[in-house]
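J.: First residue of the sequence shown? That's 1 in UniProt numbering, and the numbers climb one at a time after it.
For each residue, glycine too, the CB sits at the ideal point set by N, CA and C.
Only a predicted model underlies this, so the values are computations on that prediction, with no experimental measurement involved.
The structure follows.
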Amino acid sequence: MAEQAKSGPVTPDPAPGAARDPAPDPAPDPASDAGVDEVTHAVLAASRLLVDISVRCLASVGEPVTLPQLRLLVVLAAHGDAKLVEVAERLGVNPSTAMRMLDRLIAAGLADRQSNPDDRRRTRLRLTPAGHALVERVTAARHREIAAIVARMAPAQRVALVGALAAFTEAGDEPPAEPYPYPYPPDWPSNAK
């Protein structure tokens, strides 16, 4: 009896034919199932690199535009004419913040307001030709810098990166990337297009 107290309660064997408790789930294999923290740290590191590339490319075009203002220009380039509320929602800012950004871009000749022909009380926002040209120059510069980095990766890593980034983009409810309108670098593998 003293022996039972030391080892804990005795559980009887189940009756013949009785169901046994299922075996515990095996621990996930860390090599095949990267943890959320590990992936988050990797994405943050890549994000720092991409922001740095964006800042350098924006500075290289010589326009006095901030990164948030470039985001607004890219939203207008990607979605065409839009209402202020739509732009603010896409940027994740208040309409008043989007309006201040837009006012600076209008003053710089990169964006414009037009009356909405369907409702004269509302205005539509659009890029000017200079705004389109700026977005194209910055996008082309970013593409060149990113392509140079990707070219240093092994082909299998490139394929894995495409799949991982597509899944990440989809999980974040971002539309898939449009085909790139500029020519790929000459050394870019034709199957990567």
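Three-state secondary structure (DSSP) at Val87?
T.: Three-state result, Val87: helix.
J.: Measure from the alpha carbon of Arg144 to the alpha carbon of each residue in Gly35, Ser47 and Ser60, then state which is nearest.
T.: Measuring from the Cα of Arg144, the nearest candidate turns out to be Ser60.
J.: In the DSSP output, which residue or residues are listed as bridge partners for Asp52?
T.: For Asp52, which the question treats as bridged, DSSP gives no partner whatsoever.
J.: Helix, strand or coil, according to DSSP, for Ala166 in the structure here?
T.: Three-state result, Ala166: helix.
J.: Round the Cβ separation of Leu84 and Met99 to the nearest angstrom and send it over; I've been treating them as touching at under 8 Å.
T.: Yes, they are in contact, since the Cβ atoms of Leu84 and Met99 sit about 6 Å apart, within 8 Å.
J.: Closest by CA to Asp114, which one among Arg126, Pro64 and Leu58?
T.: Checking the sequence shown, residue 114 turns out to be Gln, not Asp. Of the candidates Arg126, Pro64 and Leu58, the one whose C-alpha sits nearest the C-alpha of Gln114 is Arg126.
J.: Closer than 7 Å by C-beta to Ile53: which residues in its own chain qualify, once you throw out the five before and the five after it? Chain order, please.
T.: Cβ within range, chain order: Arg142, Glu145 and Ile146.
J.: Please report the straight-line C-alpha distance between Ala164 and Glu170, rounded to a whole angstrom.
T.: Each residue's Cα considered, the two are about 10 Å apart.
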